[in-house]
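Engineer: The structure under discussion is supplied below as structure tokens; questions concerning it will follow.
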Amino acid sequence: MTATIIVVSLVLMALFVAVAILGNRAQTRMAERDRERGEEGSG
Numbered sequence: 841m842t843a844t845i846i847v848v849s850l851v852l853m854a855l856f857v858a859v860a861i862l863g864n865r866a867q868t869r870m871a872e873r874d875r876e877r878g879e880e881g882s883g
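Going from the sequence shown to our numbering is simple: count from 1 and add 840.
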């Protein structure tokens, strides 16, 4: 029983970390795109 709880919590933590990393990557990608667009507009 305890082992199951530990495994479930580990899986949830791994999922949370993966989602956080993917979210960060998406945000930085969008920021880079906006930056490029801004430079093109000013130039």
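Each residue gets a CB set at the ideal place from its N, CA and C atoms; glycine is no exception.
(1) Any chance the CB of residue 849 is under 8 Å from a heavy atom of the ligand SAH?
(2) Mapping DSSP to helix, strand and coil, what is residue 841?
(3) Do you know offhand how far residue 808's Cα is from residue 868's?
(4) Taking only the alpha-carbon atoms, compute the straight-line gap between residue 854 and residue 862 and give it to the nearest angstrom.
Structural biologist: Let me lay it out:
(1) No copy of the ligand SAH occurs in the structure displayed, which carries no ligand at all.
(2) Residue mapping note: residue 841 aligns to position 1 of the sequence shown, counting from 1. DSSP places residue 841 in coil when its eight states are reduced to three.
(3) Past the boundaries of the shown model lies residue 808; the chain is included only from 841 to 883, so the question cannot be answered.
(4) As a working mapping, residue 854 is identified with position 14 in the sequence shown. As a working mapping, residue 862 is identified with position 22 in the sequence shown. Distance between the alpha carbons of residue 854 and residue 862 is about 12 Å.
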